[in-house]
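See below for the structure under consideration.
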Amino acid sequence: MQCASECSTLIRTRDKTGSGTPVGIYFCINDLIDALADAPDGTDPAQILVTVAAKTPNCDGHSDDAMTLSSQPNILNMNEPAGVYKLATLLDEVPLYHINMELLLDKALTIRHHNHLVDTALLTAFGGQALPNTLQRTDGPSDATIVIEGSLRHPMIGHVDRVTLAKIYMNFYRALTHGHEDFDFETHILGRHPEPFRTQFDGYLIGTRGAMRADILLGFGIRADYDPRRPLEKYVDDGKKRAKAMQLSDPRELCWAWMEADAFQTRRCRDLDRLLSRLPALGKTAKSPAWVRTDVFHCLEREAMKQVFAAQMVAIDPDLRILGPNAHNTRAAINTNAKGGLDDALQVLLSDTLIPDAKKSETARRFHEGGHMRQRETAAL
25 MQCASECSTL
35 IRTRDKTGSG
45 TPVGIYFCIN
55 DLIDALADAP
65 DGTDPAQILV
75 TVAAKTPNCD
85 GHSDDAMTLS
95 SQPNILNMNE
105 PAGVYKLATL
115 LDEVPLYHIN
125 MELLLDKALT
135 IRHHNHLVDT
145 ALLTAFGGQA
155 LPNTLQRTDG
165 PSDATIVIEG
175 SLRHPMIGHV
185 DRVTLAKIYM
195 NFYRALTHGH
205 EDFDFETHIL
215 GRHPEPFRTQ
225 FDGYLIGTRG
235 AMRADILLGF
245 GIRADYDPRR
255 PLEKYVDDGK
265 KRAKAMQLSD
275 PRELCWAWME
285 ADAFQTRRCR
295 DLDRLLSRLP
305 ALGKTAKSPA
315 WVRTDVFHCL
325 EREAMKQVFA
335 AQMVAIDPDL
345 RILGPNAHNT
355 RAAINTNAKG
365 GLDDALQVLL
375 SDTLIPDAKK
385 SETARRFHEG
395 GHMRQRETAA
405 L
């Protein structure tokens, strides 16, 4: 993928212009992969916006799988004061976005009468000032409102300057406690024409939510726990130390610890398989993102932990009766670890990682499939 060099130049150029206070941006790799998988073959990742967050996301119950960025992108940060003026400038340059924002706030003002959460958020957004009145018919019931498509039920919104309009929207969205999807920036402001936005910004944040261009996430995504100072040998040593520090002696606890480490490896190899198998369809020269290498190293760290757990288990229960009679694959894997051996697929994956541009997807898939089989065997333990 050419993104690594192109995105690097892009981000360095945009950093010089100043993107506001540095802010943490996090995302789940599955959100990125799902967005890439849903796009037609050959789609430029720069044309895809992917969900991101300002805080570490849950990632299906595994927050340690969360990703972040190694470089500060050029974002429209609608959580800081400077974001008001950046958004107002965008509204000025793209009239369609301005119209969409007027219509969206007009909609909010209309539904506030039967939606307490929206009403409360609007009161906060307008800073205690009286909310715009609904334009009423003069020849009908007093509560009837004009419903001409595309018109404003609250004409005052059309006379609000862009800076104030931007500030009202930002404060309103952040004040919402639920129902953000009904007033989402990407869906309702950018709509079907995100191109002008993408040419100026890599993404946006508002409240705890946002979106980022997929090419930026691909080129600069790293695991949130990434430590660039850790060499390969350190991962192995740390894995053994962590396992021994747990001081487990009960066979069942040792078995659970082994399975937990195996499940971690299975998740990471699933991520590797899904992403690497999708790269060739993106219309770019396939190249592994930087985080692939460290993911493999983290799998090796867990393998070192599994070796410690397995050796203790076999010493206590040589026949591994705790596994029951049908866990043949799990029993074989634990016996391999107990002898200091590595899983065959992981060993190949490690070798591939040390070779630039090696194809790792099929090997990662092998481990993922094996791990999934072991999980089925031990589900009742």
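To convert, count from 1 in the sequence shown and add 24; that's my numbering.
All C-beta atoms in this analysis are idealised placements derived from N, C-alpha and C, irrespective of residue type, glycine included.
Starting from residue i, follow the beta strand (DSSP E) in both directions and report where the run begins and ends.
i: L114; result: Element bounds for L114: not the beta strand (DSSP E) but the alpha helix (DSSP H), 105-117.
i: L229; result: 227-230
Helix, strand or coil for residue i? Go by DSSP, reduced to three states.
i: Y50; result: strand
i: N98; result: coil
i: T211; result: helix
i: A235; result: strand
i: S385; result: helix
i: Q399; result: helix
i: R390; result: helix
i: R266; result: helix
i: H122; result: helix
i: N82; result: coil
i: T354; result: helix
i: G164; result: For G164, the pLDDT reaches just 45, beneath the cut-off of 50, and the residue's location in the model is therefore unreliable, leaving the point undetermined.
i: D65; result: coil
i: H183; result: helix
i: A132; result: helix
i: A59; result: helix
i: D261; result: helix
i: R177; result: coil
i: Q271; result: coil
i: Q153; result: coil
i: A70; result: helix
i: D241; result: Before going on, a small fix: residue 241 reads as Leu here, not Asp. Note: L241 maps to helix in three-state DSSP.
In this structure, what does DSSP give as the bridge partners for residue i?
i: M91; result: F51, R247
i: A463; result: The requested residue 463 is not part of the displayed model; the chain covers only 25 to 405.
Return the first residue and the last residue of the alpha helix (DSSP H) that residue i is part of.
i: A2; result: No statement about residue 2 is possible, as the shown extent of the chain runs from 25 to 405 and does not include it.
i: V142; result: 140-149
i: V372; result: 368-377
i: A287; result: 275-302
i: G365; result: G365 -> no alpha helix (DSSP H), and no H or E assigned at all.
i: T158; result: Here T158 belongs to no alpha helix (DSSP H), and DSSP marks it neither H nor E.
i: R186; result: 186-199
i: E205; result: Neither: E205 is in no alpha helix (DSSP H) and is coded neither H nor E.
i: R254; result: Segment: none, R254 is in no alpha helix (DSSP H) and carries neither H nor E.
i: P220; result: 219-224
Mind checking whether residue i and residue j have CB atoms under 8 Å apart?
i: R326; j: A285; result: yes
i: I49; j: M236; result: yes
i: L324; j: V260; result: yes
i: L141; j: L56; result: no
i: F221; j: L214; result: yes
i: L146; j: L133; result: yes
i: L129; j: I181; result: yes
i: F321; j: A267; result: no
i: A287; j: T80; result: no
i: A61; j: R294; result: no
i: L423; j: M194; result: The requested residue 423 is not part of the displayed model; the chain covers only 25 to 405.
Quick one: measure Cβ to Cβ for residue i and residue j, integer angstroms, because I've assumed they're closer than 8 Å.
i: L189; j: M125; result: 6 Å
i: N353; j: R291; result: Actually they do not touch by this definition, with Cβ atoms about 18 Å apart.
i: A158; j: R136; result: Per the sequence shown, the amino acid found at residue 158 is Thr instead of Ala. The pair is not a contact, with the Cβ atoms about 10 Å apart (cut-off 8 Å).
i: D341; j: P275; result: 5 Å
i: M337; j: I358; result: 6 Å
i: K7; j: V316; result: Any property of residue 7 remains undetermined from this structure, which presents the chain solely from 25 to 405.
I want to check one thing, is the minimum distance from the CB of residue i to the heavy atoms of the ligand GDP below 7 Å?
i: Y109; result: You won't find the ligand GDP in this model; it holds no ligand whatsoever.
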